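Student: In the numbering used here, the protein residues as written are 9 to 314. Just so it is clear, CB atoms sit at the ideal spot from N, CA and C, and this is done for glycine as well. These numbers come from a predicted model, not from an experiment.
1. Measuring CA to CA, which of 88, 95, 22, 46 is closest to residue 55?
2. Beta-carbon within less than 6 Å of residue 279's beta-carbon, same chain only, minus the 5 sequence neighbours each way: which residues are those?
3. Confirm, please, whether the CB-CB distance from residue 49 to residue 63 is below 9 Å.
4. Measure the CB-CB distance between residue 178 and residue 78 and report whether it falls below 9 Å.
5. Nearest by alpha-carbon distance to residue 281: which of 299, 202, 253 is it?
6. What separation, rounded to the nearest whole angstrom, lies between the Cα atoms of residue 257 and residue 304?
7. Checking the sheet assignment: what are the DSSP bridge partners for residue 299?
8. Helix, strand or coil for residue 172, going by three-state DSSP, please let me know.
9. Looking only at DSSP bridge pairs, what is residue 7 linked to?
10. Let's test the definition: count the other Cβ atoms within 10 Å of the Cβ of residue 16 and tell me whether it reaches 16, buried, or not, exposed.
11. What does the alpha-carbon distance come out to for the pair residue 299 and residue 88?
12. Once the 5 residues before and after residue 10 are set aside, which same chain residues still bring their CB inside 7 Å of it?
13. Hey, would you say residue 229 sits closer than 9 Å to residue 41, going by beta carbons?
14. Could you round the C-beta distance between residue 8 and residue 277 to whole angstroms and report it? I think they count as a contact, below 8 Å.
15. Residues in the same chain with beta-carbon distance under 6 Å from residue 59, minus the five sequence neighbours each way, listed in chain order, please.
16. Could you tell me the distance, in whole angstroms, from the CA atom of residue 119 to the CA atom of residue 126?
17. Looking at residue 121 and residue 160, is the spacing between their C-beta atoms short of 9 Å?
18. Considering only residues of the same chain and omitting the five flanking positions on each side of residue 269, which have a CB-CB separation below 8 Å?
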């Protein structure tokens, strides 16, 4: 079977290895897939591993639906040691004896489940006064940061070996697991920092579905592209509306559709004939659906819907 000439399109679930940035992982995947248009749906720190969904072609238009989704992690905290960055990026500073019992750990875990106010770490990409916090931190500066509201949906102890505590975390976007580790350590009275972090879920996607760069390097271009999930997998969490061909054509031309099957303020994924995604719209007053993100077609006046 010949390799398709058209640019790749869809979602690649990549298991990022440790020691490289998400940007480098994306660049390698672009090369392996022969793509020019690509993006990611939320970065992982270089030392972290695990699920990194990458988007190619038309899928880049819908990446924010994963940016906004919940994330799942397995995180290992080393109790009794603190670092300036909250992880292994900086050396261990203060050390303390670890005397907390499993019961005390369970109490702290319970206290950190739910809605929290979390202060972004200095070693992060957040901008303050137009500068990245990690640039200020590396220059030896520390500035005041406003707390952010995050939600920890699940926090469960997976195991403890000596002073290493491994937990499963399911959290909202914008949560810093490093900060969670530091805050938990302080509540336990011994301090802690993150020594391992693996992302195991993003929205409905699981690490079990992912491939890795070593495997991709060893396979053919055709096989690599076969790993791409369809663009519509990015909008699976949205209400779905299948419309006739004429309505689909109007929608991709930028026209509103009446009688949307959702309440005002809700986004809806619109599908034309052949179950083909044509775009996402936002329901407004009177149940009218206004286009927000649209797939591209060679001939918008008469798209080929299969």
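Tutor: Well, looking at it:
1. 95
2. 250, 285
3. yes
4. yes
5. 253
6. 11 Å
7. 289
8. strand
9. Summary: the structure shown does not reach residue 7, with the chain confined to residues 9 through 314, and so no result is reported for it.
10. buried
11. 53 Å
12. Reliability fails at residue 10, whose pLDDT of 46 lies under 50, so the model's placement of it is uncertain and the value that follows must be treated cautiously. Here the set comprises nothing.
13. yes
14. Past the edges of the chain, shown from 9 to 314, lies residue 8, and the structure says nothing about it.
15. 207, 210, 215, 218
16. 13 Å
17. yes
18. 247, 249, 276
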